[in-house]
Amino acid sequence: MKKVSQLTLSVQLPDDETFASFKSESNQMVVQQLTHFLDQVTVNNKQVHSLFLFGLSGVGKSHLLHASCAYADTLGISSLCLSFSELTQLSVDVLDGLENIDLVCLDDIQLIAGDKKWQQGVFDLYNRMVEQNKCLIITGDQSVMNLNISLPDLVSRLSWGLTEQIKPLSDEEKSFALQYRAQQRGLYISDEVASFLINRLSRDMTSLIAALEQLDQASIREQRRITIPFIKDVLF
Numbered sequence: 001m002k003k004v005s006q007l008t009l010s011v012q013l014p015d016d017e018t019f020a021s022f023k024s025e026s027n028q029m030v031v032q033q034l035t036h037f038l039d040q041v042t043v044n045n046k047q048v049h050s051l052f053l054f055g056l057s058g059v060g061k062s063h064l065l066h067a068s069c070a071y072a073d074t075l076g077i078s079s080l081c082l083s084f085s086e087l088t089q090l091s092v093d094v095l096d097g098l099e100n101i102d103l104v105c106l107d108d109i110q111l112i113a114g115d116k117k118w119q120q121g122v123f124d125l126y127n128r129m130v131e132q133n134k135c136l137i138i139t140g141d142q143s144v145m146n147l148n149i150s151l152p153d154l155v156s157r158l159s160w161g162l163t164e165q166i167k168p169l170s171d172e173e174k175s176f177a178l179q180y181r182a183q184q185r186g187l188y189i190s191d192e193v194a195s196f197l198i199n200r201l202s203r204d205m206t207s208l209i210a211a212l213e214q215l216d217q218a219s220i221r222e223q224r225r226i227t228i229p230f231i232k233d234v235l236f
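This is the structure:
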């Protein structure tokens with residue numbers, strides 16, 4: 001068995017990506033479904049072993065996977081979150097032994113749509129996880145039937161469990177989320193600044209949070225508040 005410590009992957013979770021920091025009223029049912037699913041991870045003879053999350057790029061799929069692992073930690077559940085963007089650079093054998101972990105989260109399964117070897121590997125892992133009474137959360141950018149996964153058995157397995165769609169955040173939700181994440185960093189950004197970022201940058205949360213991180217570093221370096229003129233100096 002490969003121990004987690006032997007995986008040459010980025011497994012460190014962001015401290016600020018929790019369920020509490022996922023600010024989206026339109027997706028609260030998704031968060032509730034996730035917490036309910038996680039609460040039964042260690043239950044013997046559970047009926048559901050997997051949950052599939054899908055949504056467009058930047059809606060928060062990775063955030064929710066990281067939040068799931070953070071929540072699992074509070075329950076004393078072992079967990080691991082991996083992205084296919086990194087996994088596919090390695091041998092499929094890296095999946096061997098993951099069934100010994102209570103919860104495995106796999107991000108962006110659409111990236112293996114054209115790779116039969118990886119599809120077979122995930123199918124085999126799924127079966128081993130079920131046999132060991134463990135759980136999987138998997139994300140994709142489309143519903144299971146629209147992923148273009150060519151292995152019918154894997155499509156079937158992905159359809160076995162729960163499925164939840166993450167809705168895109170409204171501009172108001174994005175503004176609130178940005179201000180919340182800024183506050184976590186000890187920063188203040190006004191409604192006007194948040195609106196400026198949303199309207200001038202790529203509108204997905206992944207890009208907006210990345211911009212906030214860049215502004216945070218620049219603000220510390222230059223000892224300046226985050227204002228629209230400052231944003232223009234740093235980002236444009």
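The C-terminal position of the sequence shown is numbered 236 in our numbering, with every residue numbered one higher than the one before it.
Just so you know, even glycine gets a beta-carbon here, dropped at the ideal spot from N, CA and C.
Computed from a predicted structure; not experimentally measured.
At a cut-off of 3 residues, the continuous stretches assigned as beta strand (DSSP E) that sit fully inside the stretch 30 to 66 are 50 to 54. With a cutoff of 8 angstroms on beta-carbon distance, ALA194 and GLN183 are scored as not near each other. Nearest to THR139 by alpha-carbon distance, out of ALA20, GLU25, SER62, ALA218, is SER62.
In the three-state DSSP reduction, GLN165 falls in the strand class (E or B). Selection ILE166, LEU151, TRP118, TRP160 evaluated against ASP141 yields ILE166 as nearest (Cα-Cα). With respect to the 8 angstroms criterion, ALA177 and MET145 are not classified as neighbours on the basis of their beta carbons. Three or more pairs of CB atoms, one per stretch, sit closer than 8 angstroms, so the stretch 97 to 105 contacts the stretch 74 to 88.
LEU215 has its alpha-carbon roughly 9 angstroms from the corresponding atom of ARG225. Closest in alpha carbon position to ALA20, among ARG203, SER219, ILE220, ARG181, is ARG181.
About 7 angstroms separates the Cβ atoms of LEU82 and ASP107, confirming a contact at the 8 angstroms cut-off. The alpha-carbon separation between ASP115 and ASP96 amounts to approximately 18 angstroms. For ILE137, the beta-bridge partners assigned by DSSP are LEU51, CYS105. For the pair PHE37 and THR88, the Cα-to-Cα distance works out to about 27 angstroms.
The Cβ-Cβ distance between LYS174 and ILE198 falls below 8 angstroms. In the three-state reduction of the DSSP assignment, SER79 falls in the strand class, which pools E and B. Within the same chain, ASN44, ASN45, LYS46, HIS49 come within 8 angstroms of ASN133 by CB-CB distance, once the 5 residues on both sides are set aside.
Going by C-alpha positions, GLY55 is about 34 angstroms away from PRO229.
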